[in-house]
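Participant: Encoded as structure tokens, here's the structure I'll be asking about.
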Amino acid sequence: MTQAYPLIEPYSTGELKVSDVHTLYYEQCGNPNGKPVVFLHGGPGGGISDTDRCFFDPEFYRIILFDQRGSGKSTPSADLTENEEYLAPVPENERDDMVKAYHKLLNSENDDVRVQAAKAWSKWEMATSKLIVDPADVAKAAEDDWANAFARIENHFFINEGWMEQGQLLKKENVDIIKHIPCIIVQGRYDIICPFKTAWDLHKNWPESQLRVVPNAGHSSREKKTLELLVEATDEFRRLTWE
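For what it's worth, this note's numbering labels the leading residue of the sequence shown as 89, then goes sequentially.
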């Protein structure tokens, strides 16, 4: 049975200024001379955690993690500026009503309204993320700063539909661009946030990929069997020919 790697501390942390407004927090762990791997955290807006370092063999990989704009230790927290240019291409009639309603609340000028909406949004996701609800995850949603960043950034992505047209990732001309890249899709059978159908559709259109289904898991990468399969995948990638 594959286990997560032991928790390690970064050998390097820093801040990367990516615009006049945003500065990203990043950290590097593992082998400074190893094969580089970049970890993109969930949410969007969730930020990285210490356990995200444990998906990768620290003796083989140079593990690079970062908090996306506005989340985690990146600054300014929960800031959505410099994303507004992407709003125009998204047709209003393609936006879900609940997402639109929360968008209004999460961008309210009233701090109390914004924070309460953020907590409600975050609590719903934390309560549905795992097959067995984890009280610690639900409690995280009660933290003002974390919930505000998580909910506002995630909602911002959702209301803009990820700045992609419907089915963009499944189009043959787009899959053909990346089909040579080794891909392992790990999907929880009972994921109600990103349902199984999404992984199945991607795999059908990208037959070179491998689909590994976790029969007793939901959405979270930190559920026991999901974590095991993700670590197995990163271990398998060690055998690739690196150029």
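Even for Gly, the Cβ is constructed at its ideal location relative to N, Cα and C. Just so you know, these numbers come straight off a predicted model, no measurement behind them.
Applying the 10 Å Cβ sphere with the 16-neighbour rule, what's the burial state of Thr101?
Facilitator: To locate residue 101, count along the sequence shown from 1; it is residue 13. Its Cβ having fewer than 16 others within 10 Å, Thr101 is exposed.
Participant: In chain order, what residues of the same chain have a beta carbon less than 7 Å from the beta carbon of His191, not counting five sequence neighbours either side?
Facilitator: Walking along the sequence shown from the start, residue 191 turns up at place 103. Asn243, Ile247.
Participant: In chain order, what residues of the same chain have a beta carbon less than 7 Å from the beta carbon of Ala230, not counting five sequence neighbours either side?
Facilitator: Position 142 of the sequence shown, counted from the start, is the residue given in the question as residue 230. Correct list, in chain order: Lys207.
Participant: Quick one: what does DSSP say Ala235 is sitting in, helix, strand or coil?
Facilitator: Along the sequence shown, one-based indexing puts residue 235 at 147. Reduced to three states, the DSSP call for Ala235 is helix.
Participant: Would you check if the segment 197-216 and the segment 231-240 touch, i.e. whether three or more CB-CB distances between them fall below 8 Å?
Facilitator: Touching, yes.
Participant: If the criterion is Cβ atoms closer than 8 Å, does the pair Ala321 and Ile272 meet it?
Facilitator: Against the sequence shown, residue 321 aligns to sequence position 233. Against the sequence shown, residue 272 aligns to sequence position 184. Yes. Within cutoff.
Participant: What's the call for Leu112, buried or exposed, on a 16-neighbour Cβ count within 10 Å?
Facilitator: Here residue 112 refers to the residue found at position 24 when the sequence shown is read from its first residue. Buried, since its Cβ has 16 or more Cβ neighbours within 10 Å.
Participant: Please report the straight-line C-alpha distance between Ala325 and Ser107, rounded to a whole angstrom.
Facilitator: Counting from 1 along the sequence shown, the entry for residue 325 is found at position 237. Counting from 1 along the sequence shown, the entry for residue 107 is found at position 19. The residue asked about is misnamed: residue 325 is Phe in this sequence, not Ala. Rounded to the nearest angstrom, the two C-alpha atoms are 33 Å apart.
Participant: For Tyr99 and Asp155, what's the separation of their Cα atoms in angstroms?
Facilitator: By 1-based counting over the sequence shown, the position of residue 99 is 11. By 1-based counting over the sequence shown, the position of residue 155 is 67. About 17 Å.
Participant: Three-state secondary structure (DSSP) at Ser100?
Facilitator: Reading the sequence shown from its first residue, position 12 is the one you call residue 100. In this structure, Ser100 counts as strand in the three-state DSSP scheme.
Participant: So, does the segment 132-146 touch the segment 156-166, judging by three or more C-beta pairs under 8 Å?
Facilitator: yes
Participant: If you compare alpha carbons, which of Arg327, Val203, Gly130, Ile280 is closest to Val221?
Facilitator: The residue you call residue 221 lines up with position 133 of the sequence shown. Per the Cα distances, Ile280.
Participant: Residues in the same chain with beta-carbon distance under 7 Å from Leu317, minus the five sequence neighbours each way, listed in chain order, please.
Facilitator: In the sequence shown, counting from the first residue as 1, residue 317 sits at position 229. For Leu317, where only same-chain residues beyond five positions count, the Cβ hits under 7 Å are Val274, Arg300, Val302.
Participant: From the DSSP output, read off the bridge partner residues of Pro124.
Facilitator: For the purposes of this step, residue 124 is taken as residue 36 along the sequence shown, with counting starting at 1. Beta bridge pairing from DSSP links Pro124 with Arg150.
Participant: In the DSSP output, which residue or residues are listed as bridge partners for Glu115?
Facilitator: As a first step, residue 115 must be located in the sequence shown, where it is residue number 27. Answer by DSSP bridge pairing, in chain order: Thr101, Leu153.
Participant: Kindly give me the distance between the Cβ atoms of Leu258 and Asn293, rounded to whole angstroms, as I take these residues to be in contact under 8 Å.
Facilitator: In the sequence shown, the residue the question calls residue 258 occupies position 170. In the sequence shown, the residue the question calls residue 293 occupies position 205. Confirmed, about 5 Å.
Participant: Less than 8 Å between the CB atoms is what I'm expecting for Ile152 and Val125, so what's the real figure, rounded?
Facilitator: Your numbering for residue 152 matches position 64 in the sequence shown. Your numbering for residue 125 matches position 37 in the sequence shown. Sure, about 7 Å apart at Cβ, within 8 Å.
Participant: Starting from Val301, follow its DSSP beta bridges and name the residues at the other end.
Facilitator: As a position in the sequence shown, residue 301 is number 213, starting the count at 1. In DSSP, Val301 forms a bridge with Gln275.
Participant: Which of the three DSSP states is assigned to Thr332 in this structure?
Facilitator: For the chain, the structure presents residues 89 to 331; residue 332 sits outside this window and is missing.
Participant: How would you write the range of the alpha helix (DSSP H) that Ala206 sits in, first residue to last?
Facilitator: Within the sequence shown, the letter at position 118 stands for residue 206. It spans 199-216 - the alpha helix (DSSP H) in which Ala206 sits, taken as one unbroken run.
Participant: To which residues of the same chain is Cys117 closer than 6 Å at the C-beta, ignoring the five residues directly before and after it?
Facilitator: Along the sequence shown, one-based indexing puts residue 117 at 29. The residues are Ile96, Pro98, Arg141, Ile151.
Participant: List the endpoints of the continuous alpha helix (DSSP H) containing Ile281.
Facilitator: Numbered from 1 along the sequence shown, position 193 holds the residue referred to as residue 281. From DSSP, Ile281 is part of no alpha helix (DSSP H); its letter is neither H nor E.
Participant: For Val109, report the span of its alpha helix (DSSP H) as first-last.
Facilitator: Translated into the one-based positions of the sequence shown, residue 109 becomes position 21. No alpha helix (DSSP H) holds Val109; DSSP gives it neither H nor E.
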